[in-house]
Ligand SMILES: Nc1ncnc2c1ncn2[C@@H]1O[C@H](COP(=O)(O)OP(=O)(O)OP(=O)(O)O)[C@@H](O)[C@H]1O
Ligand SMILES: [Mg+2]
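Residue numbers (this note's numbering), protein chains in the order written: chain A, 1 to 434; chain B, 1001 to 1262.
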């Protein structure tokens, strides 16, 4: 990777950026492939279905500066109860740790600059390359392709065959910069039968305007299981765009959780693709925009393999003048017989000015499927409040308990280390605009 | 605790439901309240608890001499009143343990020692109610069977030790074993604490296990007759028509409604 700063995203600049990368050819190939598609597309506008309720036209994406500054990674002691950590600040990777014995077993937790320097063995590099290439193919909007062209920093996690780890990996992106574009990329590859979990935290300083354009690619090998916990808490001057793709192999399981709290505008998308027979995906989401935040989340359950099961549960509360948009799609391919796919979106309106849009859709191209979707949007249920009050809870405390409970169905799955902070964020927002 | 309900009138929208209820209830007493569907039994319970759906248009409810009609629901609960709901709601995401712990903290505020033994007590009461300990970590009432919900109401009652409880058809939908367990819970409080209850029911069978001191019959928003335990068997034998004839009740009210809607 190079250390220069690039002041815009004109074609010349992007080409120059790519040519300056000192990285394996397979990685440059990903950027080049992305750039080819990137050139052919327009920036998203409200004419595009996915961006109909989320206006990004005022961003002037091309004029954001970006850089890719590597830093020496310090090996630090690994915390108890964690499989490994990688901590980044801006594009620099600061620290890494790995639980004893994991490196010998073949676990790789590498920063992107190490990957660029050739840290991955060939077999792993091939898997990572094909995962990234697949996402470039999958990408259908210019923002996502822009990400794959620019990829400024990030992490690669590889867990070898049949290794089961009960403690989570923790990857943390901190950033205190102002007026820059960041394109963090995380690739998680679980080989056949590997079972593990990852907590991915994205944070920022209290001030500073970041434009995050993130990519998350998860590949769950046959019979494997990956639980991925996303937790985004950036400041309200910043913007987050996130595109993720999870590929679920035969009899494999992916649990993808997203907790999105930050960003003046946050636009998230995660697609789970069930390629093998008998795959299982669970997409859990929570969001709680406040002030004048706008959070837009989209999920897609894409069934290609037979007998796969998928379930989405997205729960959001909106308060103050905030606005949330949730779009959920279940797409069943004509070969995906005996698919079981469900989608639920629940929204709590906590302010008279707050707004929540919910657009669940089914696209079913075969028979013999069981699919359903449901969505609710409303205020707290008066009967619930009354019930709690009849047990002595004050109306205020009843409200707090019910809102916490509303999110709990998803948040309860998060690793212990994230629990307190998640609850505190929710608790703080409940008290606003009352 | 003494609860005096005096000429209580309440309505929903413009439909009058309670038309002057008079009833005096005390800790240490078990009252049964019977009456046909729609006569206003649940309405009375909810009005005692200050449910905002119902508008009180007249009368008083005194608890130990103090009118509680201006109090909010939670303030009434904190006096030591308890309502076992006819249809308990499901509260997603809130575990039984978490919910009950806080409810007990509120009920026994300032009694630190009591909270120290909370978990022990909860486990003991769950055993007593024949509720699996795993329910502590389940979300309140979510996916519970009808019978489990009813037992959960009584478990809460045992934990909160009210001075007076209203049991709104806690017996309906229970099999005979569950019924006995519920009755056992009521009898436990009755013998161990200062406790009274208003047991709303359609059936004699629960009253075989919880012997009431008084029985009241409600008809079209009024208590039309009261008596001892023997009233139950008379009612069981002759039905509500007999009550109607005995008390010369006519169907005037219904006509009134029909008229007011046109
Ligand atoms: N929320 C409501 N909205 C409209 N009408 C109501 C409501 N609640 C009760 N009512 C009406 O008030 C009347 C009394 O109802 P209530 O539930 O008090 O009867 P009940 O004696 O408890 O009957 P049951 O034995 O069936 O439980 C009924 O006619 C009922 O339809
Ligand atoms: Mg009733």
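Built from N, CA and C at the ideal position, the CB exists for glycine as well.
- Using beta-carbon distances, residue 1238(B) does not count as an interface residue toward chain A, since no partner is under 7 Å.
- DSSP places residue 1164(B) within a strand segment (E or B) once states are collapsed to three.
- In the DSSP secondary-structure assignment, residue 312(A) is bridged to 283(A), 343(A).
- A distance of 7 Å or more separates the beta carbons of residue 338(A) and residue 376(A).
- The bridge partners DSSP lists for residue 301(A) are 272(A), 330(A).
- Setting aside the 5 residues that flank it on each side, residue 1020(B) is surrounded in the same chain by 1007, 1008, 1009, 1058, 1059, 1221, 1222, each with a C-beta closer than 8 Å to its C-beta; the list follows chain order.
- By the Cβ-count criterion, residue 120(A) is buried, with 16 or more other Cβ atoms from all chains shown falling within 10 Å of its own Cβ.
- Within the chosen limit of 6 Å, ligand 1 does not reach the beta carbon of residue 1170(B) with any heavy atom.
- Taken in chain order, the unbroken stretches of beta strand (DSSP E) that lie wholly in the segment 330-416 of chain A and span 3 residues or more are 339-349, 355-364, 369-378.
- Between the beta-carbon of residue 1151(B) and that of residue 1182(B) there is about 7 Å, and that keeps the pair under the 8 Å contact cut.
- Contact between the segment 21-36 of chain A and the segment 91-108 of chain A is not established, with fewer than three Cβ pairs separated by less than 8 Å.
- Nearest to residue 1013(B) by alpha-carbon distance, out of 1137(B), 1055(B), 1141(B), is 1055(B).
- For residue 1046(B), the uninterrupted alpha helix (DSSP H) run begins and ends at 1041-1048, by DSSP.
- From the beta-carbon of residue 394(A), the residues of chain B found nearer than 7 Å are 1074.
- Distance from the Cα of residue 1143(B) is smallest, within the candidate group 1089(B), 1003(B), 1175(B), for 1089(B).
- For residue 1049(B), at least one C-beta of chain A is nearer than 7 Å to its own C-beta.
- Exposure of residue 103(A) is indicated by the presence of fewer than 16 other C-beta atoms within 10 angstroms of its C-beta.
- The DSSP-derived three-state label of residue 1060(B) is strand.
- Relative to ligand 1, the beta carbon of residue 1040(B) is positioned inside 6 Å of a heavy atom.
- Any Cβ of chain B closer than 7 Å to the Cβ of residue 409(A) would place that residue at the interface, and such an atom is present.
- Here DSSP, grouped into helix, strand and coil, assigns residue 93(A) to strand.
- Nearest C-alpha to residue 181(A) among 335(A), 9(A), 82(A): 9(A).
- By the criterion of at least three beta-carbon pairs nearer than 8 Å, the segment 99-113 of chain A is not in contact with the segment 207-223 of chain A.
- Close to chain A, meaning a Cβ-Cβ distance shorter than 9 Å, is no residue of the segment 1161-1189 of chain B at all.
- Here DSSP, grouped into helix, strand and coil, assigns residue 51(A) to helix.
- Distance from the Cα of residue 421(A) is smallest, within the candidate group 39(A), 356(A), 201(A), 330(A), for 201(A).
- Taking a beta-carbon distance threshold of 7 Å, residue 1147(B) does not count as an interface residue toward chain A.
- Distances taken from the Cβ of residue 1017(B) to the heavy atoms of ligand 1 include one shorter than 6 Å.
- Within the segment 1197-1255 of chain B, the complete alpha helix (DSSP H) runs of at least 4 residues fall at 1204-1209, 1230-1246.
- With a cutoff of 7 Å on beta-carbon distance, residue 244(A) and residue 270(A) are scored as near each other.
- The C-beta of residue 1084(B) comes no closer than 7 Å to any C-beta of chain A.
- Taking C-alpha positions only, residue 161(A) is separated from residue 292(A) by approximately 46 Å.
- Chain A places no beta carbon closer than 7 Å to that of residue 1114(B), leaving this residue out of the contacts.
- Taking a Cβ-Cβ threshold of 7 Å, the residues of chain A close to residue 1107(B) are 392, in chain order.
- Counting other Cβ atoms within 10 Å of its Cβ, residue 232(A) reaches 16 or more and is therefore classed as buried.
- Spatial neighbours of residue 363(A) in its own chain (CB-CB distance under 6 Å, excluding positions within 5 residues in sequence) are listed in chain order as 331.
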